[in-house]
Amino acid sequence: MISWLVAGAVCGLLLGWIARGLVAPAGEGGGPPPGETAPLVRAFEHLNEGVLVVDEEGMVRAMNSAARRLLRLDAKDDLELPASIEEVAGRELDAAVSVAAGGAALMPVEVRRGDYGQTFAVIVGPAGRARRFIVIEDLSEISSVDERRRDFVANASHELQTPIAALVGMLELLEEAEGEYAEDLLRRCQKKVDSLSVLTRDLIGLARAQDEGSSPNSRSLKLGEVCESVIEDHLEGAEGKGLKLALELSCNEEVITDPVMLATVLGNLVENAIWYTDEGGVTVRVLQREGPGAIIEVADTGSGISPEILPRVFERFFRGDPARSRASGGSGLGLAIVRNLVGRMGGRVALSSTLGEGSTFQVELPMDPAHPLEGAGQALQGP
Numbered sequence: 003m004i005s006w007l008v009a010g011a012v013c014g015l016l017l018g019w020i021a022r023g024l025v026a027p028a029g030e031g032g033g034p035p036p037g038e039t040a041p042l043v044r045a046f047e048h049l050n051e052g053v054l055v056v057d058e059e060g061m062v063r064a065m066n067s068a069a070r071r072l073l074r075l076d077a078k079d080d081l082e083l084p085a086s087i088e089e090v091a092g093r094e095l096d097a098a099v100s101v102a103a104g105g106a107a108l109m110p111v112e113v114r115r116g117d118y119g120q121t122f123a124v125i126v127g128p129a130g131r132a133r134r135f136i137v138i139e140d141l142s143e144i145s146s147v148d149e150r151r152r153d154f155v156a157n158a159s160h161e162l163q164t165p166i167a168a169l170v171g172m173l174e175l176l177e178e179a180e181g182e183y184a185e186d187l188l189r190r191c192q193k194k195v196d197s198l199s200v201l202t203r204d205l206i207g208l209a210r211a212q213d214e215g216s217s218p219n220s221r222s223l224k225l226g227e228v229c230e231s232v233i234e235d236h237l238e239g240a241e242g243k244g245l246k247l248a249l250e251l252s253c254n255e256e257v258i259t260d261p262v263m264l265a266t267v268l269g270n271l272v273e274n275a276i277w278y279t280d281e282g283g284v285t286v287r288v289l290q291r292e293g294p295g296a297i298i299e300v301a302d303t304g305s306g307i308s309p310e311i312l313p314r315v316f317e318r319f320f321r322g323d324p325a326r327s328r329a330s331g332g333s334g335l336g337l338a339i340v341r342n343l344v345g346r347m348g349g350r351v352a353l354s355s356t357l358g359e360g361s362t363f364q365v366e367l368p369m370d371p372a373h374p375l376e377g378a379g380q381a382l383q384g385p
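Following this line, the structure appears as structure tokens:
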């Protein structure tokens, strides 16, 4: 919300001007006429918050540059002041100003500006000579983060509730079960517990991947060595399905990055590829660098991904084949973790897929995280 220091500073400056006779208090004569508001505006040019000065008739007399930027008025060269609040800022903000002006002094009011999907905090205060000042702050990014957080909590709660409810039901049946039926229930309970373990692990992993407060622990490493370690960890799972898991090194680039983050990214991609591949195999490739970043591919000969859902595969909890994903004990968070971790390392990830033929995930990392790639953190279609 708008800093009380900002609102207090505006009020303090105006009260100081009133005391010195530069601005007349409401209902008194003297001071500059209502049109002379330039000194008011110039005083607030250094603020990131928007400041508007409104006369006793509700007409905007002046505003600082931040207000023009926040209200997207830079392109409106034909806008002349004085103008109504609605004309300058829209109906929603006009209504919010009325609410804020009628309430307690300096109480912020939050308003959404539908045309641009913006959310503002609004404070209204006295500016002398029956005028008012309006301070606005753009909360759009904060509002967007809050909305994503609420969606995440709702989705996570749903994902946790399903296996927990099934587990509770099976445990109740187990109290009276005997013999093979009891053994079957125990196996199913264990499977649900494993699913919950994977989900909680991935929830923690995603939270860490999205934590901007922690910095990657980067060091110099050879990509080939990390890939070899990941393949070794997943070789048993691939062989258990009769699949070939191979590594192809066109080069062995040395980059500066976080080894744990990179191993997690490649591990998630290889694990995902193995699960969705029934015949053939999975290949991890370190490609010869042609652009600014080092490139690693994870390609499979699996079922492929439908073009309709291709743009959504990196979303949290998204499952292209829900039944198959849940059967694997997957959380639906693996690729979301991949995208976030690659972004934290300053890289980007791309996906190309042909239904019935397989998919290829391409991770491109900067040689040095101090120089992230253009579009870092984006998930693109097609390498």
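Heads up, the sequence shown is in this note's numbering, so the first residue is 3 and it goes up one at a time. Glycine included, C-beta positions come from ideal geometry on N, C-alpha and C.
* Asked: Is there contact here, the segment 217-227 with the segment 351-360, by at least three beta-carbon pairs under 8 Å?
  -> no
* Relative to the C-alpha of residue 236, which residue among 301, 276, 294, 101 is closest? -> One-based indexing of the sequence shown puts residue 236 at position 234. Ranking 301, 276, 294, 101 by Cα distance to residue 236 puts 276 first.
* For residue 217, which option in 267, 336, 347 has the closest C-alpha, if you only look at C-alpha atoms? -> Walking along the sequence shown from the start, residue 217 turns up at place 215. Measuring from the Cα of residue 217, the nearest candidate turns out to be 347.
* Can you tell which of 289, 176, 268 has the C-alpha that lies nearest to the C-alpha of residue 231? -> Here the question's residue 231 lines up with position 229 in the sequence shown. That would be 268, whose Cα lies nearest to the Cα of residue 231.
* Asked: Is it right to say residue 221 is buried, meaning 16 or more other beta carbons lie within 10 angstroms of its own, or is it exposed?
  -> Walking along the sequence shown from the start, residue 221 turns up at place 219. By the neighbour-count rule (16 or more Cβ atoms within 10 Å), residue 221 is not buried but exposed.
* **Proximal residues to residue 310 (C-beta, below 7 Å), its chain only, five neighbours per side dropped** => Here the question's residue 310 lines up with position 308 in the sequence shown. So no residue of the chain qualifies.
* Asked: What's the C-alpha gap between residue 133 and residue 142?
  -> Numbered from its first residue, the sequence shown carries residue 133 at position 131. Numbered from its first residue, the sequence shown carries residue 142 at position 140. Across the structure, residue 133 and residue 142 are spaced so that their CA atoms are roughly 28 Å apart.
* Entirely enclosed beta strand (DSSP E) segments - the segment 344-375, minimum 3 residues -> 350-356, 360-368
* Three-state class that DSSP yields for residue 168 in the structure shown -> Taking the first residue of the sequence shown as position 1, residue 168 is located at position 166. Note: residue 168 maps to helix in three-state DSSP.
* Asked: Can you tell which of 300, 193, 281 has its C-alpha closest to the C-alpha of residue 250?
  -> As a first step, residue 250 is located in the sequence shown; it is residue number 248 there, counting from the start. When only C-alpha atoms are compared, the closest one is 300.
* To do: Note down, one range per segment and in chain order, each beta strand (DSSP E) of at least 3 residues found wholly within the segment 239-298.
  => 246-251, 256-259, 283-289
* Could you name the residues of the same chain whose beta carbon sits closer than 7 Å to that of residue 317, not counting the 5 residues immediately before and after it, in chain order? => For this step, residue 317 is matched to residue 315 along the sequence shown. Hits under 7 Å: 338.
* To do: Kindly identify the DSSP beta-bridge partner or partners of residue 139.
  => Counted from its first residue, the sequence shown places residue 139 at position 137. For residue 139, which the question treats as bridged, DSSP gives the partners 123.
* Using the C-alpha atoms, what's the distance from residue 313 back to residue 266? -> Indexing the sequence shown from 1 puts residue 266 at position 264. Indexing the sequence shown from 1 puts residue 313 at position 311. Computed Cα separation, rounded: 22 Å.
* To do: Please name the residue in 86, 47, 81 whose C-alpha comes closest to that of residue 60.
  => Position 58 of the sequence shown, counted from the start, is the residue given in the question as residue 60. The shortest Cα separation from residue 60 among 86, 47, 81 belongs to 86.
* Using three-state DSSP, classify residue 187 as helix, strand or coil. => Mapped onto the sequence shown, residue 187 falls at position 185. Here residue 187 sits in helix by DSSP.
* **Nonlocal neighbours in the same chain, by C-beta distance under 7 Å from residue 99, ignoring five residues either side** => Taking the first residue of the sequence shown as 1, we reach residue 99 at position 97. Excluding residues within five positions, the ones whose Cβ falls inside 7 Å are 87, 124, 126, 136.
* Asked: Cβ of residue 81 within 8 Å of Cβ of residue 122?
  -> Taking the first residue of the sequence shown as 1, we reach residue 81 at position 79. Taking the first residue of the sequence shown as 1, we reach residue 122 at position 120. For residue 81 and residue 122, no; Cβs fall outside 8 Å.
* **Neighbour-count burial assignment, residue 202, 16 or more Cβ in a 10 Å radius** => By 1-based counting over the sequence shown, the position of residue 202 is 200. Residue 202 comes out exposed.
* To do: Under 6 Å Cβ to Cβ from residue 325, same chain only, skipping five residues before and after it: list those, please.
  => If you number the sequence shown from 1, residue 325 lands on position 323. At residue 325, the pLDDT of 46 sits below 50, so the modelled position is not reliable and the matter cannot be decided from this model.
* To do: Give a yes or no on whether the minimum CB-CB distance between residue 260 and chain C is below 8 Å.
  => The chain inventory of the structure shown lacks chain C, comprising one protein chain alone.
* Taking DSSP as the reference, what is the three-state secondary structure of residue 179? -> Within the sequence shown, residue 179 is the residue found at index 177, counting from 1. DSSP places residue 179 in coil when its eight states are reduced to three.
* To do: Please work out which residues of its chain come closer than 8 Å, Cβ to Cβ, to residue 208, disregarding the five sequence neighbours upstream and downstream, and give them in chain order.
  => Your numbering for residue 208 matches position 206 in the sequence shown. Answer for residue 208: 318, 335, 338, 339, 342, listed in chain order.
* **Distance between beta carbons of residue 248 and residue 283, contact taken as under 8 Å** => What you label residue 283 is simply residue 281 of the sequence shown in a count that begins at 1. What you label residue 248 is simply residue 246 of the sequence shown in a count that begins at 1. At roughly 6 Å, the Cβ-Cβ gap stays under 8 Å, so residue 283 and residue 248 are in contact.
* Would you kindly report the start and end of the unbroken beta strand (DSSP E) that includes residue 64? => For this step, residue 64 is matched to residue 62 along the sequence shown. Looking at the DSSP string, the run of the beta strand (DSSP E) that includes residue 64 is 61-65.
* Shortest alpha-carbon distance to residue 376 belongs to which of 362, 364, 293, 307? -> As a first step, residue 376 must be located in the sequence shown, where it is residue number 374. Per the Cα distances, 293.
* C-beta contact flag for residue 68 and residue 54 at 8 Å -> Your numbering for residue 68 matches position 66 in the sequence shown. Your numbering for residue 54 matches position 52 in the sequence shown. Cβ distance not < 8 Å, so residue 68 and residue 54 don't count as in contact.
* To do: Go ahead and pull the three-state DSSP assignment for residue 213.
  => If you number the sequence shown from 1, residue 213 lands on position 211. Residue state, collapsed to three classes: coil.
* For residue 337, write down the residues that DSSP places opposite it in a beta bridge. => On the sequence shown, residue 337 is found 335 positions in, with the first residue counted as 1. Note: residue 337 sits in no beta bridge, so no partner.
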